[in-house]
Amino acid sequence: MPTVLVLGATSDIGIAIATAFTKDRCYILLAARDTEQLQPLQSDMIIRHGVKCDIFRFDATDFASHKAFYDSLPVKPDVTICVFGYMNDNEVVIRDEAETLRTINTNYTGAVSILNIVAADYAAKKQGIIVGISSVAGERGRYSNYIYGSAKAGFTAYLSGLRNRMFHEKVHVMTVLPGFVYTRMTEHLALPKLLTATPEYVGRAVYKGVIKRKNTLYVKWFWKWIMLIIKMVPEPVFKRKKL
Ligand SMILES: NC(=O)c1ccc[n+]([C@@H]2O[C@H](COP(=O)([O-])OP(=O)(O)OC[C@H]3O[C@@H](n4cnc5c(N)ncnc54)[C@H](OP(=O)(O)O)[C@@H]3O)[C@@H](O)[C@H]2O)c1
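Take 2 as the starting number for the sequence shown in our numbering and just add one per residue.
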């Protein structure tokens, strides 16, 4: 029975991923800032999905706590999935230093801090799977979302380098690049229905991607081609678009 750790388990996408992994009767470790919020999820995992499940307190921006958090886990996970993230309105973020740092530290520094610890354990054991939920927002800096986008770009580059290094340690690293997803993070936005996935769709895609040992996974698949086109738009044109 594989053990799966979900970091940021109160997120809509995190819940959907954890649920997708119950299919394999995995032992689910749910980690988030608010363990009270995790309790109903834990009950759901145990009662409705019939799997073993425990909950842990984890704060992505409390970097100094990360080693003790990982050491405290009763069983080290076979699969670690880094889901947490933070996005606020870019206009607010660029004017408020605390918001700028929160965006960078949640989406990039916090993820690197905990995954370095997990990766060192997996490298020593010569096994394990690491999954990072990044974003297509990191594929090109945009007028309207470049602080969040640049933090995700850093995370995507980190995961790429980690995958290259960990390949030689028999550890697999998968980068997940969702497009739009209907979640708490995007509920204030008018998202185009055709381009937007549900968290459940993302959960199933991540599960299948892990089984197939995918390196990079766009969700939905057509985002790979959308981003290719967006990256090809010449800078003199792109900067006029205010996208
Ligand atoms: N929704 C989209 O369209 C979309 C697209 C591409 C990528 N993504 C990425 O998908 C991931 C999941 O997001 P979501 O859409 O499911 O949104 P969400 O429901 O708002 O989830 C965000 C999660 O991050 C957690 N978090 C924030 N700061 C944290 C911290 N310091 N320590 C620990 N956890 C922290 C939140 O915990 P609390 O419950 O404690 O606030 C929450 O569980 C994120 O990485 C996001 O960037 C989302």
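Note that CB positions come from ideal geometry on N, CA and C, so glycine has one too.
Just so it is clear, the structure is predicted and the values come from calculations on it, not from any experiment.
Exercise for the section: Can you give me the Cβ contacts of Asp60 inside the same chain, cut-off strictly under 6 Å, excluding the 5 residues immediately before and after it? Expected result: Numbered from 1 along the sequence shown, position 59 holds the residue referred to as residue 60. Closer than 6 Å at the Cβ level, and outside the excluded window around Asp60, lie Arg34.
Practice task
Give the single residue among Ile131, Ala206, Glu140 whose Cα lies nearest to the Cα of Arg166.
Solution key: Sequence index remark: in the sequence shown, residue 166 carries index 165 (1-based). Here the closest residue by C-alpha is Ile131.
Handout entry: Beta-carbon gap between Val172 and Ala121 smaller than 8 Å
Key = Here the question's residue 172 lines up with position 171 in the sequence shown. Here the question's residue 121 lines up with position 120 in the sequence shown. Cβ atoms of Val172 and Ala121: not closer than 8 Å.
Problem - Bridge-paired residues (DSSP) for Asp72 - result: Taking the first residue of the sequence shown as position 1, residue 72 is located at position 71. In DSSP, Asp72 forms no bridge with anything.
Exercise for the section: Just the C-alpha distance for His189 and Tyr183, rounded to the nearest angstrom, thanks. Expected result: One-based indexing of the sequence shown puts residue 189 at position 188. One-based indexing of the sequence shown puts residue 183 at position 182. So the alpha carbons of these two residues sit roughly 10 Å apart.
Exercise for the section: Could you tell me the distance, in whole angstroms, from the CA atom of Ile134 to the CA atom of Lys240? Expected result: What you label residue 134 is simply residue 133 of the sequence shown in a count that begins at 1. What you label residue 240 is simply residue 239 of the sequence shown in a count that begins at 1. Their backbone Cα atoms lie some 27 Å apart in a straight line.
Handout entry: Whether Thr110 touches Ile148 by CB criterion (8 Å)
Key = Reading the sequence shown from its first residue, position 109 is the one you call residue 110. Reading the sequence shown from its first residue, position 147 is the one you call residue 148. Cβ distance not < 8 Å, so Thr110 and Ile148 don't count as in contact.
Handout entry: Leu190, DSSP secondary structure in three states
Key = The count along the sequence shown starts at 1 and reaches residue 190 at position 189. When DSSP states are grouped into helix, strand and coil, Leu190 belongs to the coil group.
Problem - Beta-carbon proximity of Lys221 to Ala191, cut-off 8 Å - result: Position 220 of the sequence shown, counting from 1, holds the residue named residue 221. Position 190 of the sequence shown, counting from 1, holds the residue named residue 191. Result no, Cβ atoms of Lys221 and Ala191 do not sit closer than 8 Å.
Exercise for the section: Can you give me the Cβ contacts of Glu201 inside the same chain, cut-off strictly under 6 Å, excluding the 5 residues immediately before and after it? Expected result: For the purposes of this step, residue 201 is taken as residue 200 along the sequence shown, with counting starting at 1. The residues are Ala17.
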